[in-house]
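Mapped onto this note's numbering, the consecutive letters of the sequence shown carry residue numbers 173 to 553. We treat Cβ as the ideally placed atom computed from N, Cα and C, and that holds for glycine. Bear in mind the structure is a predicted one, so any value in this text is a computation, not a measurement. One structure is given here, and the rest of the page talks about it.
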Amino acid sequence: MNQRPFALMLAITLIAAAPPQKAAGFVDLAQLVAIHPLHNVLLAYDREIAALQSTQHLGGLSPATAAERASAAVRRDASAAQTRTGEIASRDQQADRSRERAAVATILSSQRTGDRDMGRYAASLTRETNANFTNYGASIAERNDRAYAAREQQLREKENTLAFDLARRDAAKRLSLRLKLGDLHLTHPARARYAAELRALDDEELRAISALRRSDAAVLAAYGRGLASSGNADQGAMAVQLRGAAVANLAIRRRVAQAGAQTTATSPGLRAAAASFAPSYRLDAEAQNVTRGFHAAGDELSHRFAQLADSANQSQRETAAAIGRLEATRAQLYRSIVAQIVNEARLVARRRGLDNVEVGRSRPAGSVDLTRAVRAGLATR
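If you want it as structure tokens, here you go:
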């Protein structure tokens with residue numbers, strides 16, 4: 173008996189009895205995210221995050237590093253000055269007096285040279301004082317700019333959050349109105365009504381956001397005025413301190429120069445002045461006073477620069493915290509968008525009798541494209 177026809181009939185029967193495999197659905201996630209009503213809010217968060225990150229990588233030294241280096245330089249200069257003063261005080265006073273008598277004779281013989289030296293010393297002291305004040309003012313300005321930028325970003329974050337909440341609240345209604353307006357067979361009165369509803373929805377959101385922006389602008393302006401006032405006060409205090417020290421140093425130098433420039437070497441008045449100067453010569457006491465002055469000035473300047481560094485570091489921490497909050501909110505928004513798309517895709521797949529649905533960019537072979545149906549479904553949610 174020939175078995176081949178029997179086997180062929182059996183295979184045909186089994187194939188016919190086997191249940192057909194259901195096709196899978198597919199939706200283009202990137203396309204649906206791009207047309208989602210909250211996509212613009214997502215892009216706004218990306219711009220804000222990028223703007224904040226750009227402030228963390230400024231060219232050159234950061235304000236904190238510059239302030240710390242300036243503080244270290246002040247301490248080094250003060251320490252060096254104290255060391256030099258101590259060395260001067262430790263020298264043999266008798267030898268110093270001999271040199272001073274020779275210096276008096278030289279001053280009397282070359283008074284004009286002494287005047288020029290005094291002028292050069294005054295000009296050098298003025299330049300150094302102005303340079304220190306300029307550097308301190310630049311540090312204050314940079315600190316204020318960073319603090320102002322951080323505050324401005326915080327207020328923008330609050331405005332973006334409000335825009336996100338309003339857009340999420342009205343997303344379904346806005347999308348529904350836009351789809352209705354896209355109907356080519358819509359009557360003119362209906363189209364006008366839908367357009368008016370859409371404009372009213374946009375105007376309501378714009379009014380709320382504009383009101384918050386006006387309030388934030390007033391807050392930011394007051395904050396800027398406070399920063400400017402604080403910076404001006406700090407600069408004024410520093411100017412008084414620096415100029416006071418310069419005036420004191422210049423006065424000491426001028427008294428020394430004037431002591432030998434009042435008359436000639438043979439003048440009895442000069443001899444009397446030299447005689448009165450000798451008992452008042454107290455190098456040790458003056459050295460101690462100068463050392464204490466350098467120490468106090470170094471500590472004060474170091475303290476001010478340390479305060480500036482702390483303020484800059486605080487601004488950096490606030491910026492990093494703001495970036496973290498923005499990134500977390502942005503991630504939450506993206507997850508909610510994707511979850512809404514996936515849920516709608518599964519509903520559409522079940523209604524069409526499909527086993528499952530693929531969500532991604534590349535469409536699998538043999539799958540049913542549900543992207544358009546999901547987009548329409550989202551409009552009704």
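Residues near residue i by beta carbon distance below 8 angstroms, same chain, minus five either side
i: Asn421; result: Leu297
i: Gln312; result: For the sequence presented, residue 312 should be read as Ile rather than Gln. Within the same chain, Ile312 has close Cβ partners Gly403, Asp406, Gln407, Leu480.
i: Ala223; result: Gln325
i: Glu530; result: Ala196, Gly197, Phe198, Val199, Pro536, Ser539
i: Glu377; result: Ala335, Leu338, Ala339, Asp342
i: Arg385; result: Glu331
i: Thr543; result: Phe198, Val199, Asp200, Gln203, Leu204
Sheet register partners of residue i (DSSP bridge)
i: Gly197; result: Val529, Val540
Start and end residues, alpha helix (DSSP H) containing residue i
i: Asp218; result: 211 to 226
Beta-carbon proximity list for residue i, same chain, < 7 angstroms, skipping 5 on both sides
i: Ala545; result: Val520
i: Arg547; result: Leu204, Ile207
i: Arg476; result: Met410
i: Tyr293; result: Arg425
i: Asn307; result: Ala242
i: Leu146; result: The requested residue 146 does not occur in the structure, where the chain is confined to residues 173 to 553.
i: Ser534; result: none
Rounded Cβ spacing between residue i and residue j (contact assumed at less than 8 angstroms)
i: Val213; j: Ala339; result: 5 angstroms
i: Ile221; j: Leu498; result: 5 angstroms
i: Ser346; j: Leu353; result: Correcting the residue type first, residue 346 is Arg in the shown sequence and not Ser. That pair is no contact at about 11 angstroms.
i: Thr491; j: Gln228; result: 6 angstroms
i: Ser487; j: Arg318; result: 4 angstroms
i: Leu210; j: Leu399; result: Rounded, the Cβ-Cβ distance is 35 angstroms, inconsistent with contact.
Close-in-space but distant-in-sequence residues of the same chain around residue i (CB under 6 angstroms, 5 per side omitted)
i: Tyr395; result: Arg323
i: Ile513; result: Leu204
i: Thr301; result: Leu414, Ala418
i: Gly416; result: none
i: Asn304; result: Leu414
So within the region 373 to 439, which uninterrupted beta strand (DSSP E) runs reach at least 3 residues, ignoring any that extend past its ends?
none
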